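All remarks here apply to the structure that follows.
Protein chains in written order, with our numbering: chain A, 1 to 292; chain B, 1 to 292.
Here it is as structure tokens:
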């Protein structure tokens, strides 16, 4: 699993580096990711934020458009930008719709045999990427990880975070999301994707792939969650995101505004223009926990 | 020349709006531009920055990747993002190379009859866009304009600015550029483009389309210029940018560090990762003059 460096761009005194490697989690397909290393990483290991992108994105979109690098440089935090799915699996139907398959791996480990060899983004993000980065000797302190994401990647961030609390692994110190798919078992995007990837369908998803279900199970355990969504987001309006369901479930089991903060942002949409507006806020939120 | 609004995205409490109109300067072709209006534009007219993009870009690239909107919102300054050329002229050869023609109008008014009907980006940026924006009743104060740009757009910003001083129009209060093509009559990109667009070729370009020639002619008149370029910029290394020529010409006619500041940025390249690093600096530089 040797890393091949494809490019490097200096940014905010740090470096945005693109790597490629053959991923066993993704069935031995080549995958790429971007890593932002702030300048202070040349002196000592730095904490790390994983950023999970939304539907159709690659490892590049948020690195280019998210306005995250400046605040991360200022806080001295690295960011890993994975891809959103395996590429090149050649499975029938994986490119038929933009909401499922290529560019839309939903951060699950597939149990449907049709997808199980390649679609293992959960393992890719939580285990494989930390392992290959560590083995490459890059200056990341994996005892200090947090996670954030957008839309489908917000679903990924929330479920990976909540699962790591549920199972006692506590891999991530904090979680934030922009316009996350918050209750996928109850929205068309989630029902389609989880229904296809999991042999037990939506029922199987409840245990670990639905943020609203997960937060209900966790009542009592300390969490640090920040969510922003825009009221003019058309996917919010059409019921793909359902942040109110997540918020209600959190409040119902006793989480307050400090533990689970969900902000409705008036007039903002689903785009990177929305995300970049609140990007610095999210980075600073995580830095509080990563640098503690 | 009625403006058609194509989209609007809220960003940093302001709005990034995409417009389309039939441009007479570009030979009655449709053209598009983006306008960022900061929140304070709802109360009173705001000053404006014109941003000129580089080769192959459209009105979108810098709006998405430049990290300019946050600082502009903070300073209460609008930004106009024009396209980089006419599109759809159908002139033979205009799409043969990426450094000339479509996506590469070089901000000149063509005098070669082959291009003269459509390739008039100078008039488009300096006269037509202010006129259509004003006629649409948008809240821009055109008595307070400044200009900046990247690469070919840095050439555009410098030459439009210096020309408006040379001719006494003083349209812009300040000028800045990222990795500008600073002496086009002496680099391959400039020689090709100016040689094609102008019937008098490179010789004709000297009077108004070469920043190094222009600054030499201006000695004494007050200027406010900021330039950043990266030492790892491959186009700098291959001699397309020549910022040292511009700097030498400026110093030779007596401009000091305050009037003409040219900064060599160690290890940075030609990308938006470079530009976004220094974007806030440039916005704040212009705001000093626009808000005076």
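Yeah, the Cβ is synthetic: ideal placement off N, Cα and C, and Gly gets one too.
Computed from a predicted structure; not experimentally measured.
Please confirm if residue i has its CB atom under 9 Å from at least one CB of chain A.
i, result
"residue 280 (chain B)", "yes"
"residue 195 (chain B)", "no"
"residue 6 (chain B)", "no"
"residue 232 (chain B)", "yes"
"residue 13 (chain B)", "yes"
"residue 237 (chain B)", "no"
Kindly list, in the order they appear in chain A, the residues whose Cβ is closer than 8 Å to that of residue i.
i, result
"residue 16 (chain B)", "273"
"residue 269 (chain B)", "9 and 10"
Is residue i close to chain B, meaning its C-beta is less than 9 Å from at least one C-beta of that chain?
i, result
"residue 69 (chain A)", "yes"
"residue 276 (chain A)", "yes"
"residue 43 (chain A)", "no"
Which residues of chain A have a Cβ atom closer than 7 Å to the Cβ of residue i, listed in chain order?
i, result
"residue 65 (chain B)", "64 and 65"
Would you call residue i buried or exposed, if buried means 16 or more other Cβ atoms sit within 10 Å of its Cβ?
i, result
"residue 59 (chain B)", "buried"
"residue 167 (chain A)", "exposed"
"residue 65 (chain B)", "buried"
"residue 292 (chain B)", "exposed"
"residue 263 (chain A)", "exposed"
"residue 288 (chain B)", "exposed"
"residue 188 (chain A)", "exposed"
"residue 176 (chain A)", "buried"
"residue 41 (chain A)", "buried"
"residue 266 (chain B)", "exposed"
"residue 30 (chain B)", "exposed"
"residue 11 (chain A)", "buried"
"residue 321 (chain A)", "No statement about residue 321 (chain A) is possible, as the shown extent of chain A runs from 1 to 292 and does not include it."
"residue 113 (chain A)", "exposed"
"residue 7 (chain B)", "exposed"
"residue 143 (chain A)", "exposed"
"residue 2 (chain A)", "exposed"
"residue 16 (chain B)", "buried"
"residue 160 (chain A)", "buried"
"residue 14 (chain A)", "buried"
"residue 127 (chain B)", "exposed"
"residue 94 (chain A)", "buried"
"residue 4 (chain A)", "exposed"
Counting only beta-carbon atoms, is residue i nearer than 9 Å to chain D?
i, result
"residue 163 (chain A)", "No chain D appears in the structure shown, which is made up of the protein chains A and B."
Taking 8 Å as the line, does the beta carbon of residue i fall inside it for any heavy atom of the ligand ZN?
i, result
"residue 265 (chain A)", "With respect to the ligand ZN, the structure shown offers nothing to examine, as it has no ligands at all."
TODO: Give a yes or no on contact between the segment 108-117 of chain A and the segment 135-143 of chain A, applying the rule of three or more CB pairs nearer than 8 Å.
DONE: no
Task: Whole alpha helix (DSSP H) elements within the segment 212-285 of chain B, 4-residue minimum - done: 234-237 and 243-252
TODO: Would you be able to state if there are at least three C-beta pairs under 8 Å between the segment 205-216 of chain B and the segment 231-238 of chain B?
DONE: no
Task: Every unbroken alpha helix (DSSP H) inside the segment 116-184 of chain A [4 residues or more] - done: 129-135 and 152-166
Task: the segment 234-245 of chain A touching the segment 142-150 of chain A, judged by at least three CB pairs closer than 8 Å - done: no
- [ ] Jot down the residue ranges of each uninterrupted beta strand (DSSP E) in the segment 17-75 of chain A, minimum 3 residues, whole runs only, in chain order.
- [x] 29-37 and 46-52
Open item on the list: Closer than 8 Å is the cut-off here; do at least three beta carbon pairs connect the segment 44-57 of chain B with the segment 248-261 of chain B?
Closed with: no
Open item on the list: Would you call the segment 66-76 of chain A in contact with the segment 280-287 of chain A, where contact means no fewer than 3 C-beta pairs closer than 8 Å?
Closed with: yes
Open item on the list: Count Cβ pairs between the segment 76-85 of chain A and the segment 178-186 of chain A that sit closer than 8 Å; are there 3 or more?
Closed with: Note that the segment 76-85 of chain A does not touch the segment 178-186 of chain A; fewer than 3 beta-carbon pairs, one per stretch, sit closer than 8 Å.
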